[in-house]
Amino acid sequence: MPLEVTAKHWPYPFWIAHRGAGRLAPENTLAAFRLGAQHGYRMFECDAKLSADGVPFLMHDATLTRTTDARARLAANTSAVGGEHAWSELSQLDAGSWHSRAYAGEPLLTLDNAARFCRANGHALNIEIKPTPGTERHTGEVVAAHAARLWQGADLPPLLSSFSREALEGARDAVPGLPRGLLLDTLWAGWLESARALGCVAVVCNHALWDASSVALAQGAGLRALSYTVNDEWAAQRLIALGTDGIITDRVDLFSPS
Ligand code: G3P
Ligand code: MG
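Just so you know, we're using the working numbering here: the sequence shown kicks off at 2 and counts up by one.
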């Protein structure tokens, strides 16, 4: 049985590499994970959504254009991701050239292969469920179901997170035993009650939202307090002094995770 993750039994490292290696490599690719690992990182954040035929893969944006060569490679409408293109098409795209020549030809990464890399190397993963708009609940269900299969028998389950409550509801209903975190870009009314109702073990906030009172609220309610995306030394020091529980950073070259 995988380790049960609760706020009390929290097995994850404090430092988490955002999208693999922040901006040093093409985000959400295996090349980025490898580079983050070379910098000593043992936990990674990534963004997961679904292809038109239901394959979970890693991509931040709702459209393909910023981080792939879709405009040149795919015919007609290349704006949509999940609703428009099957994995057989997406798997042909170059997700590295936009970043730099060194990464030309780097493919998009499936959640399956991200899991293989993390499990083989003993790394932890935070899967941010980033649904194509309109597919929130379904994406949560499918990502959670895949994650449960991919990490079956693992000591360290992935942490699922999302800004979308519908996605977290889908994940919770599909696989209640996988740990969940509610992402917050503001402290909207009812955030704490929502996190608890969703059975979350953590809230993952824009780091500027944490102060002594919000940290006490979250931790007092039995939730871990994590932050994104922290790229400055002063901000990291502030969060450490506040007693928060984890930092997601792009700056794998600045912060030593050990
Ligand atoms: O999961 C934390 C962080 O990645 C959330 O924001 O837009 O970088 O996915 P974003
Ligand atoms: Mg993210």
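We treat Cβ as the ideally placed atom computed from N, Cα and C, and that holds for glycine.
Separation of R43 and A190 (C-alpha to C-alpha, rounded to the nearest whole angstrom) is 34 Å.
Remark: fewer than three beta-carbon pairs, one from each stretch, lie closer than 8 Å, so the stretch 4-13 and the stretch 84-92 are not flagged as touching. Closest in alpha carbon position to N127, among S257, I249 and L255, is I249.
G141 sits close to L169, with the two beta carbons spaced by under 8 Å. In this chain, the beta strand (DSSP E) harbouring D48 covers M44 to L51. Taking the Cα positions, V6 is about 8 Å away from V202. Burial check for E129: the Cβ neighbour count within 10 Å reaches 16 or more, so the residue is buried. When DSSP assignments are scanned along the stretch 67-144, the uninterrupted stretches of beta strand (DSSP E) that are 3 or more residues long and fall wholly within it turn out to be 125-130. Listed in chain order, the non-local C-beta contacts of G223 below 7 Å within the same chain comprise A8, local neighbours out to five positions each way being set aside. In the DSSP assignment, G182 forms a beta bridge with S162 and A203. With a cutoff of 8 Å on beta-carbon distance, D48 and K131 are scored as near each other. Note that the C-beta distance between N29 and G21 is below 8 Å. Taking 7 Å as the cut-off, one finds at least one heavy atom of the ligand MG near enough to the beta carbon of H61. Measuring C-alpha to C-alpha distances from Y104 to each of H147, T230, L59 and L31 identifies L31 as the nearest.
By the criterion of a C-beta distance shorter than 7 Å, L240 is surrounded in its chain by H208, W211, S228, V231 and I248, once the five residues flanking it on both sides are discounted.
The continuous alpha helix (DSSP H) containing L218 extends over residues A213 to G221.
V143 is the residue among G97, L243, T245 and V143 whose C-alpha sits nearest the C-alpha of S52.
Taking C-beta atoms as the reference points, A26 and H100 count as a pair closer than 8 Å. Beta bridge pairing from DSSP links G247 with L227. For the pair E137 and D156, the Cα-to-Cα distance works out to about 28 Å. For F58, the pairing in a beta bridge is given by DSSP as K50 and T111. Of the candidates L188, S163 and L193, S163 places its Cα closest to the Cα of R181. Put simply, of L199, F45, V253 and A196 the residue whose alpha carbon is nearest the alpha carbon of C119 is F45.
Relative to the Cα of T111, the nearest Cα in the group L59, L65, G123 and R102 belongs to L59. Proximity of the beta carbon of D48 to the ligand MG is indicated: a heavy atom of the ligand is located closer than 7 Å. Under DSSP, I241 shares a beta bridge with no residue.
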